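Each remark here refers to the structure printed beneath this line.
Numbering (the working numbering), first residue to last: 192 to 323.
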């Protein structure tokens, strides 16, 4: 396990411990099953990646707390540094809320985890036009 964790750190991932409501944890499990992902790390990374494409940190406003906001569970996930930085920027934008609440905020805005379409470059690195 220590080697796996070290490999994740070497790839540029950081460990992020958060407290989330039990209902949001169930939603993450449901998304994991629906999109056939290996773990919560992948679900959370996909959720943040989609939010980074569709929204700026300023657009993500924290929703009201869920009914079970007092029943919380702790999760620890390994996510890329840029995803962690985006999560922190959402937290700072919302007056320094905890990272778990920032993740809930992203989850309130993102429901589709399919990768967003990307624009392919129209000019190759050599400077000439790409022909089809």
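A virtual CB, placed ideally from N, CA and C, is assigned to each residue, including glycine. Predicted, not measured: the structure shown is a model, and the values here were computed from it.
(request) May I have the straight-line CA-CA distance separating residue 244 from residue 303, to the nearest angstrom? (result) 12 Å
(message) Restricting to runs no shorter than 4 residues, where is the alpha helix (DSSP H) found entirely within the segment 250 to 303?
(response) 272 to 284, 290 to 300
(message) Can you confirm whether the segment 222 to 242 touches the segment 294 to 309 when touching is taken to mean that 3 or more C-beta pairs between the two stretches lie within less than 8 Å?
(response) yes
(request) Excluding the 5 residues preceding and the 5 following residue 203 in the sequence, name in chain order all residues of the same chain whose CB lies nearer than 8 Å to its CB. (result) 271, 272
(message) One question on the structure: do residue 297 and residue 278 come within less than 9 Å of each other, judged by their Cβ atoms?
(response) yes
(message) Using the Cβ count rule (16 or more neighbours within 10 Å means buried), how would you classify residue 235?
(response) buried
(request) With DSSP as the reference, label residue 228 as helix, strand or coil. (result) coil
(message) I'd like to check one pair, residue 252 with residue 211: are the Cβ atoms closer than 9 Å?
(response) no
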